[in-house]
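Peer 1: Before I ask anything, here is the structure I am working with.
2 protein chains.
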Amino acid sequence: MLSDQQLLRIPGPTPIPPSVQRAMSQPMIGHRGQETKELLKSIKPKLKPIFGTEQDVAIITGSGTAGLEAAVVNTVTPGDEVLVIATGAFGERFVKIADAYQIKTHRYDVEWGEAVTPGAIKEYLTKYPAIKAVFATFCETSTGVLNPVQELAKVVHSHSDALFIVDGVSCIGGVECKMDEWGIDLLVTGSQKAMMLPAGLTFIAASDRAWKTIEQNEQPRFYLGLKKYRDNLEKDSTPFTPALSLLLGLEQVLTLMNEEGLEQIHERHRLMMEMTRAAFRALDIPLLTSDIAASPTVTAIKPADFEAEALRRVLKEEFGLAVAGGQQHMKGEIFRIGHMGYCSPADVLQTISIVEISLRKIGKDIELGKGTQAAQEIYLG
Amino acid sequence: MLSDQQLLRIPGPTPIPPSVQRAMSQPMIGHRGQETKELLKSIKPKLKPIFGTEQDVAIITGSGTAGLEAAVVNTVTPGDEVLVIATGAFGERFVKIADAYQIKTHRYDVEWGEAVTPGAIKEYLTKYPAIKAVFATFCETSTGVLNPVQELAKVVHSHSDALFIVDGVSCIGGVECKMDEWGIDLLVTGSQKAMMLPAGLTFIAASDRAWKTIEQNEQPRFYLGLKKYRDNLEKDSTPFTPALSLLLGLEQVLTLMNEEGLEQIHERHRLMMEMTRAAFRALDIPLLTSDIAASPTVTAIKPADFEAEALRRVLKEEFGLAVAGGQQHMKGEIFRIGHMGYCSPADVLQTISIVEISLRKIGKDIELGKGTQAAQEIYLG
Numbered sequence: 001m002l003s004d005q006q007l008l009r010i011p012g013p014t015p016i017p018p019s020v021q022r023a024m025s026q027p028m029i030g031h032r033g034q035e036t037k038e039l040l041k042s043i044k045p046k047l048k049p050i051f052g053t054e055q056d057v058a059i060i061t062g063s064g065t066a067g068l069e070a071a072v073v074n075t076v077t078p079g080d081e082v083l084v085i086a087t088g089a090f091g092e093r094f095v096k097i098a099d100a101y102q103i104k105t106h107r108y109d110v111e112w113g114e115a116v117t118p119g120a121i122k123e124y125l126t127k128y129p130a131i132k133a134v135f136a137t138f139c140e141t142s143t144g145v146l147n148p149v150q151e152l153a154k155v156v157h158s159h160s161d162a163l164f165i166v167d168g169v170s171c172i173g174g175v176e177c178k179m180d181e182w183g184i185d186l187l188v189t190g191s192q193k194a195m196m197l198p199a200g201l202t203f204i205a206a207s208d209r210a211w212k213t214i215e216q217n218e219q220p221r222f223y224l225g226l227k228k229y230r231d232n233l234e235k236d237s238t239p240f241t242p243a244l245s246l247l248l249g250l251e252q253v254l255t256l257m258n259e260e261g262l263e264q265i266h267e268r269h270r271l272m273m274e275m276t277r278a279a280f281r282a283l284d285i286p287l288l289t290s291d292i293a294a295s296p297t298v299t300a301i302k303p304a305d306f307e308a309e310a311l312r313r314v315l316k317e318e319f320g321l322a323v324a325g326g327q328q329h330m331k332g333e334i335f336r337i338g339h340m341g342y343c344s345p346a347d348v349l350q351t352i353s354i355v356e357i358s359l360r361k362i363g364k365d366i367e368l369g370k371g372t373q374a375a376q377e378i379y380l381g
Numbered sequence: 001m002l003s004d005q006q007l008l009r010i011p012g013p014t015p016i017p018p019s020v021q022r023a024m025s026q027p028m029i030g031h032r033g034q035e036t037k038e039l040l041k042s043i044k045p046k047l048k049p050i051f052g053t054e055q056d057v058a059i060i061t062g063s064g065t066a067g068l069e070a071a072v073v074n075t076v077t078p079g080d081e082v083l084v085i086a087t088g089a090f091g092e093r094f095v096k097i098a099d100a101y102q103i104k105t106h107r108y109d110v111e112w113g114e115a116v117t118p119g120a121i122k123e124y125l126t127k128y129p130a131i132k133a134v135f136a137t138f139c140e141t142s143t144g145v146l147n148p149v150q151e152l153a154k155v156v157h158s159h160s161d162a163l164f165i166v167d168g169v170s171c172i173g174g175v176e177c178k179m180d181e182w183g184i185d186l187l188v189t190g191s192q193k194a195m196m197l198p199a200g201l202t203f204i205a206a207s208d209r210a211w212k213t214i215e216q217n218e219q220p221r222f223y224l225g226l227k228k229y230r231d232n233l234e235k236d237s238t239p240f241t242p243a244l245s246l247l248l249g250l251e252q253v254l255t256l257m258n259e260e261g262l263e264q265i266h267e268r269h270r271l272m273m274e275m276t277r278a279a280f281r282a283l284d285i286p287l288l289t290s291d292i293a294a295s296p297t298v299t300a301i302k303p304a305d306f307e308a309e310a311l312r313r314v315l316k317e318e319f320g321l322a323v324a325g326g327q328q329h330m331k332g333e334i335f336r337i338g339h340m341g342y343c344s345p346a347d348v349l350q351t352i353s354i355v356e357i358s359l360r361k362i363g364k365d366i367e368l369g370k371g372t373q374a375a376q377e378i379y380l381g
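Protein sequence lines, in the order shown, are assigned to chains A and B. For the first sequence, position 333 matches number 333 in full-length UniProt numbering, and the numbering has no gaps at all. For the second sequence, position 377 matches number 377 in full-length UniProt numbering, and the numbering has no gaps at all.
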């Protein structure tokens, strides 16, 4: 194998664009100086359209989980009732965080690989009128499901006064999101997925309604107190030392995203999803999710007659290509291909053509080139 | 198109491995200090097997042409007769250099796309016994031809006392070379091809016979005087300021090459050539060279019924994929795909699948996936 070649097709972290890598290699600057002020001033307006909000987007130095925890500790207090819609491993993370804070958690489980049906949530909200917040996962990384957050928001708001809080870690930047218009009260994402950065930053925006709750909320918190971030951001500053190299990279990511155009980026992600799905369909290998539930950022494949782990091994050892396995009870049952952020249709074609070879290597009798061809046809439209 | 993605598939420069890029980003060190001495000491023995020689390989800061000029000005003087075997644009470069120094040049032209026949050279040498040096191109970058230098060396040595001087710029590192065993008297290569570095270094080794000529040669020269490089290299030094970041990168390139293994590297290049050729054959698109004359590092394609330049334009604009056009009279007639250095079979598959899409985009009616499939079959053997 060619030394030093790593093809990273897991659902985050994703490869870093060369110009972003260069931006992150700039010499350190003081985080209380004028240069960092200018940096934050430049970044601030450019994050808003990615979230689809007029609100400032707070930048917390931490991983996505820190952002999810911030969403919890700023909005609810022990004994409060919340509903967590768990469609996979990352939905469960909300449950664990809420449990850690003695929040009374109603857990609505959806079978892994399926999206939540907004109607079901309606019943829940009617039955438990004390629910103060509904937590949902936009893209469930563990299954490649994109939940219908726009419809969920509508249901939540028409049947309760609960805040609608969304984990958008593995899709924001890669899919359309209209936080304000749809009625998302709190939206969280991370830096290492469609945002094309290494992990280390989490982004969070809140609606006016959510800010009211946050301001009144008395849950003890310090580092994750959102008000601090908002008040500092107003002065183009951060409350604590920021991961400065990531901010330098973020500035360049936003330049690249602006160059390509948000709509074009969303279209590219949708195209990569369709190419990937068409390829596996052509090879007669089952997909975990239905078309309607599929995320433009990650695709889970559920082999019927070969070992997912055997395939992953060949891909890694023979080509340096990393795809993800299944999590929890899906371990060994599925494998997941990330196609988000710094990933192109050309990369998807490369992945598929390598998967085809590797399938043959593990003894699965497929027609070479058939998946590639199907993906090419989708590209040509 | 995904911003910032460049797929570089021209026959040099080639992409730089990430670890080499990192090595080149190290802080500068003094080129007369102990650290550079250690660096050269470590590099020196590792270059030899790549050339297939027990001689030290001189490292000159300059492009490949500087190496070719060094080959001329160290071995012949005005009025000397030489034979240049010109199989393409880079064979002609030897002619131009020799002309600049008033060397009496016999030029043996071979049709572009064909390799030289050693038998023809035999006749030449018998007819012109005064010929002091024979210049040949190992891989002719402009056509993707690999000339039979082993056989040429045999013919030169059995029919003359001439030095056999070889331009190996676009293949050394990617193909087997046994300089000593085959009888190459002077071998030159550059850094930006199969050596996986940016341009800026040229490497040159000379046989004992060649060194005798070099020592006696009175052609005026300064920077390109090979004796200076040899004498300094013996003391792990360079006669002039070296391109130090490239030396730091070279050290890492040699580590990577050692990790993969020279034989495996040659096998990878042969495989990439065969995959590329099989793909275009399957698509019924003519190759410029015959199998026997084909180079493992670059493939020239000669379309019969579409515009090479139109295809190149779509590849670049739609996918950021750069392939080379034709040079001189081949301009517009051919396009050339580089598959050398930091390039893997996975990259070849990506290139082919993109070429297939782009062919359809310019209106050429091909069966999608057919070329990819042929390349996959070659990979699986």
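Don't be surprised by glycine CBs; every beta carbon is placed ideally from N, CA and C. Since this is a predicted model, take the numbers as computed values, not measurements.
Between which two residues does the beta strand (DSSP E) holding G64(B) run?
Peer 2: Where G64(B) is concerned, there is no enclosing beta strand (DSSP E), although the alpha helix (DSSP H) it sits in stretches over G64 to V73.
Peer 1: Closer than 8 angstroms, CB to CB, is E263(B) near chain A or not?
Peer 2: Using a CB distance cut-off of 8 angstroms, E263(B) does not count as an interface residue toward chain A.
Peer 1: What three-state label does DSSP hand I352(A) in the structure shown?
Peer 2: Residue state, collapsed to three classes: helix.
Peer 1: Out of curiosity, what's the CA-to-CA distance linking T143(B) and T297(B)?
Peer 2: 11 angstroms
Peer 1: With respect to the beta strand (DSSP E) encompassing G190(A), which residues constitute its N-terminal and C-terminal limits?
Peer 2: Looking at the DSSP string, the run of the beta strand (DSSP E) that includes G190(A) is L186 to G190.
Peer 1: Counting only beta-carbon atoms, is G338(B) nearer than 8 angstroms to chain A?
Peer 2: Closer than 8 angstroms: no.
Peer 1: Does F240(A) pass the burial test, meaning 16 or more other C-beta atoms within 10 Å, or should it be called exposed?
Peer 2: exposed
Peer 1: Helix, strand or coil for R221(A) per DSSP?
Peer 2: Residue state, collapsed to three classes: coil.
Peer 1: Answer with yes or no whether the minimum CB distance from T372(B) to chain A is below 8 angstroms.
Peer 2: Interface residue, yes.
Peer 1: Enumerate, from N- to C-terminal direction, the unbroken beta strand (DSSP E) stretches of 3 or more residues contained entirely within the region 193–243 of chain B.
Peer 2: 201–206
Peer 1: Is it right to say H329(B) is buried, meaning 16 or more other beta carbons lie within 10 angstroms of its own, or is it exposed?
Peer 2: exposed
Peer 1: Taking three-plus beta-carbon pairs below 8 angstroms as touching, is the region 44–58 of chain A in contact with the region 172–181 of chain A?
Peer 2: Two segments are said to touch when three or more pairs of C-beta atoms, one from each, lie closer than 8 angstroms; by this definition the region 44–58 of chain A touches the region 172–181 of chain A.
Peer 1: Helix, strand or coil for A120(A)? Go by DSSP, reduced to three states.
Peer 2: helix
Peer 1: Going along chain B, which residues have a C-beta under 8 angstroms from A194(A)?
Peer 2: Within chain B, no residue has its CB atom less than 8 angstroms from the CB of A194(A), the nearest being about 12 angstroms off.
Peer 1: Quick one: which chain B residues come within Cβ less than 8 angstroms of E260(A)?
Peer 2: M1, L2 and S3
Peer 1: Go ahead and pull the three-state DSSP assignment for F306(A).
Peer 2: coil
Peer 1: Mind pulling the alpha helix (DSSP H) runs of 4 or more residues that sit fully within the region 82–166 of chain B?
Peer 2: Runs of the alpha helix (DSSP H) lying entirely within the region 82–166 of chain B and spanning at least 4 residues, in chain order: 89–100, 118–127 and 149–159.
Peer 1: For S158(A), count neighbouring C-beta atoms within 10 Å of its own C-beta (all shown protein chains included) and say buried if the count is 16 or more, exposed if not.
Peer 2: exposed
Peer 1: Apart from the five residues just before and just after L256(A), which ones in its own chain have a Cβ nearer than 8 angstroms to its Cβ?
Peer 2: P17, S19, V20 and M196
Peer 1: Any chance you could list the beta strand (DSSP E) runs of at least 3 consecutive residues sitting entirely within the region 250–328 of chain A, in chain order?
Peer 2: Counting only unbroken stretches of 3 or more residues, the beta strand (DSSP E) elements lying wholly within the region 250–328 of chain A are 298–301, in sequence order.
Peer 1: Compute the beta-carbon to beta-carbon distance between L125(A) and A162(A), rounded to the nearest angstrom, for a pair I have assumed lies under 8 angstroms.
Peer 2: 7 angstroms
Peer 1: Taking the alpha carbon of E333(A) as the point to measure from, which residue in E317(A), N74(A), V355(A) and D305(A) has its own alpha carbon closest?
Peer 2: D305(A)
Peer 1: E377(B) versus chain A: which residues are under 8 angstroms apart at the beta carbon?
Peer 2: At a C-beta separation below 8 angstroms, E377(B) has these neighbours in chain A: L368.
Peer 1: Out of R312(B), T202(B), L248(B) and G320(B), which one is the CA nearest neighbour of T61(B)?
Peer 2: T202(B)
Peer 1: Which residues in the same chain as L146(A) place their Cβ atom closer than 6 angstroms to its Cβ, once the five residues preceding and following it in sequence are excluded?
Peer 2: Counting only Cβ-Cβ distances below 6 angstroms, and skipping sequence neighbours, we find C139 and S295.
Peer 1: What three-state label does DSSP hand I366(A) in the structure shown?
Peer 2: In the structure shown, I366(A) sits in coil (DSSP, three-state: anything other than H, G, I, E or B).
Peer 1: Have a look at S170(B), S237(B) and G381(B) and flag the residue whose alpha-carbon is nearest the alpha-carbon of A194(B).
Peer 2: S170(B)
Peer 1: With I60(A) as the anchor, note down where its beta strand (DSSP E) starts and where it stops.
Peer 2: A58 to T61
Peer 1: Assuming V188(A) and L68(A) form a contact by the criterion Cβ under 8 angstroms, report the distance between their Cβ atoms to the nearest whole angstrom.
Peer 2: 6 angstroms
Peer 1: Is any beta-carbon of chain B found at less than 8 angstroms from that of F319(A)?
Peer 2: yes
Peer 1: Let me see if you follow: with CB-CB separation under 8 angstroms, is L8(B) close to chain A or not?
Peer 2: No, L8(B) lies away from the interface with chain A (no Cβ there is under 8 angstroms from its Cβ).
Peer 1: Name the DSSP beta bridge partners of G338(B), please?
Peer 2: V298(B)
Peer 1: Give me, in chain order, the residues of the same chain whose beta-carbon lies closer than 8 angstroms to that of K104(A); leave out the 5 immediate sequence neighbours on both sides.
Peer 2: G79, D80, E81 and V82
Peer 1: When Cβ atoms are compared, which residues of the region 344–365 of chain A fall closer than 7 angstroms to chain B?
Peer 2: S344, A346, L349, Q350, S353, I354, E356, I357 and R360
Peer 1: When you compare the CB of R268(A) with every CB in chain B, is at least one pair closer than 8 angstroms?
Peer 2: Yes, its Cβ sits closer than 8 angstroms to a Cβ of chain B.
Peer 1: Which residues, in order along the region 115–148 of chain B, keep a beta-carbon less than 7 angstroms from a beta-carbon of chain E?
Peer 2: The structure shown contains no chain E; its protein chains are A and B.
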